[in-house]
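Visitor:
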Amino acid sequence: RKEVEQDPGPFNVPEGATVAFNCTYSNSASQSFFWYRQDCRKEPKLLMSVYSSGNEDGRFTAQLNRASQYISLLIRDSKLSDSATYLCVADNAGNMLTFGGGTRLMVKP
Amino acid sequence: GAVVSQHPSWVICKSGTSVKIECRSLDFQATTMFWYRQFPKQSLMLMATSNEGSKATYEQGVEKDKFLINHASLTLSTLTVTSAHPEDSSFYICSARDRDRGTGELFFGEGSRLTVL
Chain A
1 RKEVEQDPGP
11 FNVPEGATVA
21 FNCTYSNSAS
31 QSFFWYRQDC
41 RKEPKLLMSV
51 YSSGNEDGRF
61 TAQLNRASQY
71 ISLLIRDSKL
81 SDSATYLCVA
91 DNAGNMLTFG
101 GGTRLMVKP
Chain B
110 GAVVSQHPSW
120 VICKSGTSVK
130 IECRSLDFQA
140 TTMFWYRQFP
150 KQSLMLMATS
160 NEGSKATYEQ
170 GVEKDKFLIN
180 HASLTLSTLT
190 VTSAHPEDSS
200 FYICSARDRD
210 RGTGELFFGE
220 GSRLTVL
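These protein sequence lines are chains A and B, in that order.
Heads up: the first sequence is residues 1 to 109, going by this note's numbering.
Heads up: the second sequence is residues 110 to 226, going by this note's numbering.
#1: Which runs of the beta strand (DSSP E), 3 residues or longer, sit entirely within the segment 24-85 of chain A?
#2: Using a threshold of 7 angstroms, state whether the C-beta atoms of threonine 103 of chain A and glutamine 6 of chain A are closer than that.
#3: Helix or strand or just coil, what does DSSP make of aspartate 174 of chain B?
#4: Against glutamine 138 of chain B, what residues of chain A qualify as contacts under a CB-to-CB distance less than 7 angstroms, listed in chain order?
#5: In chain order, what residues of the same chain have a beta carbon less than 6 angstroms from the beta carbon of alanine 161 of chain B, not counting five sequence neighbours either side?
#6: Rank B:Ser134, B:Ser118 and B:Ser124 by C-alpha distance to the C-alpha of valine 225 of chain B and give the top, closest one.
#7: Using DSSP with H/G/I as helix, E/B as strand and the rest coil, what is leucine 196 of chain B?
#8: Could you please give the first and the last residue of the uninterrupted beta strand (DSSP E) stretch that includes arginine 210 of chain B?
#9: Find out if the Cβ-Cβ distance for the pair valine 50 of chain A, isoleucine 71 of chain A is shorter than 7 angstroms.
#10: Step through the CB atoms of chain B and report whether any lies within less than 7 angstroms of the CB of glutamate 3 of chain A.
#11: Report the neighbours of leucine 223 of chain B on chain A: residues whose CB is nearer than 8 angstroms to its CB, in chain order.
#12: Considering Cα atoms alone, identify which of A:Ser83, A:Val107, A:Phe21 and A:Ala84 is closest to leucine 74 of chain A.
#13: Please list the partners that glutamine 151 of chain B has in chain A, where partner means a Cβ-to-Cβ separation under 9 angstroms.
#14: Within 10 angstroms of the Cβ of valine 112 of chain B, are there 16 or more other Cβ atoms? Answer buried if so, exposed if not.
#15: Check the C-beta distance from tyrosine 25 of chain A over to valine 4 of chain A and give it rounded, since I have them as a contact under 8 angstroms.
#16: Mind pulling the chain A residues with CB within less than 7 angstroms of leucine 202 of chain B?
#17: Within the 7 angstroms Cβ cut-off, does glycine 220 of chain B reach chain A?
#18: Return no unless some Cβ of chain A is closer than 7 angstroms to the Cβ of phenylalanine 148 of chain B.
#19: Determine, using beta carbons only, whether leucine 46 of chain A comes closer than 7 angstroms to chain B.
#20: Which of the three DSSP states, helix, strand or coil, is assigned to glutamate 15 of chain A?
#21: Going by other Cβ atoms of all chains shown within 10 Å of its Cβ, with 16 needed for buried, is glycine 58 of chain A buried or exposed?
#22: State buried or exposed for glycine 207 of chain B, treating a residue as buried only when at least 16 other CB atoms are found within 10 Å of its CB.
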């Protein structure tokens with residue numbers, strides 16, 4: 001079993017739709033969590049950190065459920081420019097980041 | 110913001126040659142840098158953790174004699190793929206944390222796409 005699991009997708013949604021990605025992690029010692037965005041053939045870039053209380057950044061909302069070892073990312077009012085692969089990341093011991101396989105999002109006109 | 114520069118961006122080489130990839134933190138110091146490999150349509154896989162002034166820590170299954178890592182200063186780590194073969198063709202990405210920031214954010218280099226003929 002992978003340490004961080006994500007549905008690979010692709011998720012094909014129309015512009016303006018709301019889409020949610022889920023991620024589960026198996027290491028209960030994981031301390032911090034992040035969502036990264038990776039465009040094709042580019043390096044990953046931090047989208048947002050994930051806090052226990054849930055956090056929002058514009059159209060993006062991230063939530064963490066430690067009891068269920070589950071993380072989510074909600075994107076509202078999808079834009080064409082949101083098309084990318086979204087990587088769920090768990091930070092296990094300060095220096096060890098484990099990446100999920102990524103979820104591919106395609107937003108269509 | 111913190112910038113990590115990676116060079117070269119693209120490299121094509123013949124089988125059997127060695128290729129060196131550089132990773133530099135341009136505006137911050139990084140005691141630790143990380144090297145990842147990403148095959149097409151797959152996620153990043155951590156290869157090794159590069160520690161300034163000491164030996165790198167390799168992940169299971171990664172040959173340390175094939176993937177030589179040197180972290181000679183707080184701003185530079187190099188990965189050398191020795192005697193490269195076609196199966197080593199991949200996207201290699203480095204990353205680093207700014208030791209003076211407490212956010213935990215990892216900054217990535219632009220990646221180096223290696224093609225071994």
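Heads up, the beta-carbon is just placed ideally off N, CA and C, and yes, glycines get one too.
Guide: Per the coordinate set shown:
#1: Taking only runs of at least 3 residues, the beta strand (DSSP E) segments lying wholly in the segment 24-85 of chain A are 32-38, 45-50, 55-57, 60-65 and 70-75.
#2: yes
#3: Aspartate 174 of chain B falls in the coil class under three-state DSSP.
#4: Here the premise fails: no neighbours, minimum Cβ distance about 15 angstroms.
#5: Note that residue 161 of chain B is glutamate in the sequence shown here, rather than alanine. Same-chain partners within the cutoff: Thr140, His180 and Leu183.
#6: Taking only the C-alpha atoms, the option nearest valine 225 of chain B is B:Ser124.
#7: Note that residue 196 of chain B corresponds to glutamate in the displayed sequence, not to leucine. Of the three classes helix, strand and coil, the one that applies to glutamate 196 of chain B here is helix, per DSSP.
#8: For arginine 210 of chain B, there is no enclosing beta strand (DSSP E), as DSSP gives it neither H nor E.
#9: yes
#10: no
#11: In chain order: nothing, as chain A lies at least about 13 angstroms away.
#12: A:Phe21
#13: Gly101 and Gly102
#14: exposed
#15: 5 angstroms
#16: Note on identity: in this sequence residue 202 of chain B is isoleucine, with leucine being the wrong assignment. Result: Glu43.
#17: yes
#18: It does not; no Cβ of chain A falls within 7 angstroms.
#19: With 7 angstroms as the cut-off, leucine 46 of chain A counts as an interface residue toward chain B.
#20: coil
#21: exposed
#22: The residue you asked about is not glycine; residue 207 of chain B is aspartate in the sequence shown. Result: buried.
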